[in-house]
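Worksheet: one structure, shown below.
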Amino acid sequence: MGAEPPANKSTERSKKKPPFPLLAPVRSLLSGWTGLAFWLLLLLLLALYPYTGVSSVALFVGSQIFVLVTLASNWNLIGGMTGYVDFGHAVFFGIGAYMMGILVTGTPLLISPEWGFWQALPVSGVAAALFALLVGLPTLRLKGPYFSIAMLGTLVAMREIARVLRPITGGGVGLNLPPLLNRLGDYYLMLAVMGLVVSLIWWIQRSEFGQSLIAIREDEIGAEMRGINTTLHKIAAFMIAAFFTGIVGGFWAWQNTYIDPDVVFVEARTVEMVMMSMLGGLGTVWGPPLGAVVIYYMEDLLWANLFDSHLLALGVLLVAIVLFMPEGILGTLGDRSSTSLGRLLSRVGRSK
Amino acid sequence: MRNQQQTATMTSDRQPLLQGHTVSKYFGGLAAVNNVDFAVYPGEIVGLIGPNGSGKTTLFDCLSRLQKIDSGQVFFKGRDVTGARPYQVARMGLTRTFQSVRVYRKMTVLGNMLISHQWRDTSLLRMLRPSPANTARRANQLLGFLQIEHLADEEAGHLSGGQRRLLEIGMALMPDPDILLLDEATSGVNPTLIETIKDRIRTLNDQGKTFLLIEHNINFIADLCSRVYVLNHGEKLAEGTPQEILQNEAVIDAYFGA
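Keeping their order, the protein sequence lines are chains A and B. Position one of the first sequence corresponds to residue 1051 (my numbering), numbered consecutively onward. Position one of the second sequence corresponds to residue 1231 (my numbering), numbered consecutively onward.
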């Protein structure tokens, strides 16, 4: 059988793609090495930012945004790339925070003398990762909403366990960590963690491991039948996401100097991660960081202007995202045909 | 090894490549597959036919280890794989396609092919890097072989049903398997494309690949297969050459509805 000439087909294809001169290059610029180059440049600029003589409040805001970006990127690894929508991801944040709290206050866990921040921080991550292994083995067998609900249940259960385990966790009273403020140090630490996590996600996405996660999201049975050890890959992704979430939790506890079950095991924190990932673009590398920044400033704006109803406004925003741009900002830029906002944009672009 | 498979004649005293021994699978009280003995020898093209609901796909699922079987054993290359997981038999050299096509819709056609490579000797370090050039070369070759190379950069979700079937066959071929199980590879495919698929199966069989086909298209089966199994109500109704099957009274009653 003679192979048909593919030449005319490909020209046909390029003709079919709707021209959208302004926004189309954004996505191609962000993909591959140029995306990473932009990211590293941004990190460099952010590293120089404190030298412009900014206030410690600005540094604090900076570290808060880095925390959000890191959390969103982490959640995206399991929720966006692997497709396991984790509604209890804040549990790893809480585990990390408590691990930090317990180690540095030296509450009766027979660890004496109490640990320093730098020793406790990696342990926070490791504890969260091990907890992910423990929880993931049963829950990652569940599909779709069942997994989401099981993780939500895990979060709520851990909150109650932290409340009950009084001798270790301080119960409902919580733990007071030594108040050692270092805004500049916090800023650079979280900048480094954020830089590492987002670069790691970029790396994973290009790798066969990352592609296998996407394959699992798209068709898990198909992926398993084609030789991918889906259990192993899912658990690995889950543990990586949990590790860095635990690190962030540990950091947060240190920075906040106080933790109790109700401030670290919060559903709202998970919802925030989901929202930021979705707004930016689920499963993309640069979407969740972008979404985190946008949501941070939007929350700030709403909180300042309509204090009474800012949560309501955020809720409406979430609904709007799901309805009109389920693929997020980057998804809408890339494949406009699949979101209503994207279709609108391309219609506007074409009519010009 | 391939030449051996090619030249060897099919006799029953040779070791089967894939074998089911008294395989049973129940869904509640319903025996979807009931006590079926089954063997595919190296180099064969074997057909599996039967009315809707006769248990063909369930038997496929049992053989490819997607479904746990309730009793019986499955052997692949002489090894008992009854308790193996699907990815394990896949790495041993068994791949399949699905009745309802399973491709990764949000990935490009090429991406679908790349990720379906042979995972048997993939080290952790290898996994942490992008697909190597030789995987891409093989993927492009196979896309050319299946005449869909012009779609390489298209998202798989944008393909037509027939193109997706071809892509799925390509993905099943990527790891260079010993046996391919094709579940209704021709349903929803236009006649010209069916001829293409038939032609490709023959070529691959000449290269030593073994096939097991579920088909409703009797001409397709008759043209390609050396042996045919007929299932009805989960039980093996008949087995033999296509000619024998087409003249078998019980098969005509149950399947052709004459």
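Cβ atoms here follow ideal geometry from the backbone N, Cα and C, with glycine treated the same way. All values derive from a computational prediction rather than experimental measurement.
How about residue i: is its C-beta nearer than 8 Å to some C-beta of chain B?
| i | result |
| --- | --- |
| threonine 1084(A) | no |
| threonine 1382(A) | no |
| glycine 1277(A) | yes |
| phenylalanine 1259(A) | yes |
| isoleucine 1297(A) | no |
| glycine 1334(A) | The sequence given here places threonine at residue 1334(A); glycine does not occur at that position. It does not: the Cβ of threonine 1334(A) has no partner Cβ on chain B nearer than 8 Å. |
| serine 1060(A) | Only weak support exists for where serine 1060(A) lies, its pLDDT of 41 falling under 50; the value from the coordinates is given anyway. For serine 1060(A), the answer is yes, since a Cβ of chain B falls inside 8 Å of its Cβ. |
| alanine 1265(A) | yes |
| threonine 1280(A) | yes |
| glycine 1272(A) | yes |
| serine 1249(A) | no |
| serine 1262(A) | yes |
| valine 1268(A) | As written in the sequence, residue 1268(A) is glutamate, which differs from the valine given in the question. Glutamate 1268(A) counts as touching chain B. |
Find out if the Cβ-Cβ distance for the pair residue i, residue j is shorter than 8 Å.
| i | j | result |
| --- | --- | --- |
| valine 1343(A) | valine 1119(A) | yes |
| glycine 1392(B) | asparagine 1420(B) | yes |
| threonine 1325(B) | leucine 1247(B) | no |
| phenylalanine 1489(B) | valine 1319(B) | Past the boundaries of the shown model lies residue 1489(B); chain B is included only from 1231 to 1488, so the question cannot be answered. |
| leucine 1278(B) | leucine 1461(B) | yes |
| methionine 1337(B) | glutamate 1258(A) | no |
| valine 1135(A) | serine 1198(A) | yes |
| glycine 1470(B) | glycine 1273(B) | no |
| leucine 1397(B) | glutamine 1261(A) | no |
| glycine 1221(A) | arginine 1209(A) | no |
| glycine 1400(B) | leucine 1423(B) | no |
So with Cβ pairs under 8 Å, would you call residue i a contact of chain A?
| i | result |
| --- | --- |
| methionine 1240(B) | Because the pLDDT at methionine 1240(B) is just 46, under 50, the model does not fix this residue reliably, and the point stays unresolved. |
| lysine 1336(B) | yes |
| threonine 1288(B) | no |
| threonine 1312(B) | no |
| glutamine 1348(B) | yes |
| methionine 1343(B) | no |
| proline 1405(B) | yes |
| serine 1361(B) | yes |
| proline 1472(B) | no |
| serine 1353(B) | no |
| arginine 1394(B) | no |
| arginine 1309(B) | no |
| arginine 1326(B) | yes |
| alanine 1262(B) | no |
| arginine 1244(B) | no |
| tyrosine 1271(B) | no |
| leucine 1410(B) | no |
| leucine 1423(B) | no |
| proline 1316(B) | yes |
| serine 1456(B) | no |
| arginine 1367(B) | no |
| serine 1294(B) | yes |
| alanine 1468(B) | no |
Within its chain, find whatever has a CB closer than 7 Å to the CB of residue i; leave out the 5 residues flanking it on each side and keep chain order.
| i | result |
| --- | --- |
| phenylalanine 1486(B) | none |
| tryptophan 1304(A) | Met1150, Phe1167 and Leu1227 |
| leucine 1340(B) | Ala1369, Ala1382 and Asp1383 |
| lysine 1286(B) | Leu1278, Gly1280, Ile1444 and Leu1461 |
May I ask you to list the residues that DSSP assigns as paired with residue i?
| i | result |
| --- | --- |
| glutamine 1261(A) | According to DSSP, glutamine 1261(A) bridges with nothing at all. |
| histidine 1251(B) | Gln1303(B) |
| arginine 1326(B) | Leu1411(B) |
| isoleucine 1444(B) | Leu1278(B) and Asp1413(B) |
| leucine 1260(B) | Phe1257(B) |
| threonine 1338(B) | Glu1385(B) |
| glycine 1220(A) | For glycine 1220(A), which the question treats as bridged, DSSP gives no partner whatsoever. |
| isoleucine 1309(A) | Leu1225(A) |
| aspartate 1310(B) | Phe1305(B) |
Are there any heavy atoms of the ligand MG lying less than 7 Å away from the beta-carbon of residue i, as far as the coordinates show?
| i | result |
| --- | --- |
| leucine 1351(A) | For the ligand MG, the structure offers nothing, since it holds no ligand at all. |
Only counting the same chain, and skipping five residues up and downstream in sequence, which positions put a Cβ closer than 8 Å to that of residue i?
| i | result |
| --- | --- |
| valine 1243(A) | Phe1116, Thr1120, Phe1294, Ile1297, Val1298 and Phe1301 |
| valine 1270(B) | Pro1246, Leu1247, Leu1248, Gln1249, Val1276, Ile1409, Thr1440 and Leu1442 |
| valine 1176(A) | Phe1293 and Gly1296 |
| threonine 1189(A) | Phe1197, Ala1200, Met1201 and Thr1204 |
| glycine 1418(B) | Gly1391, Gly1392 and Arg1395 |
| tyrosine 1308(A) | Gly1224, Leu1225, Asn1226 and Leu1227 |
By Cβ distance, which residues of its chain are closer than 6 Å to residue i, with the 5 residues on each side in sequence left out?
| i | result |
| --- | --- |
| alanine 1291(A) | Asn1124, Leu1127 and Ile1128 |
| leucine 1180(A) | none |
| phenylalanine 1450(B) | Thr1416 |
| alanine 1402(B) | Thr1325, Thr1327 and Leu1410 |
| alanine 1108(A) | none |
Mind checking the stretch 1165–1199 of chain A against chain B and listing, in chain order, the residues whose C-beta falls within less than 7 Å of any C-beta there?
Per Cβ criterion, the list is empty.
Which residues, taken in chain order from the stretch 1371–1393 of chain B, show a beta carbon closer than 7 Å to some beta carbon of chain A?
Those would be Gly1374, Gln1377, Glu1379 and His1380, in chain order.
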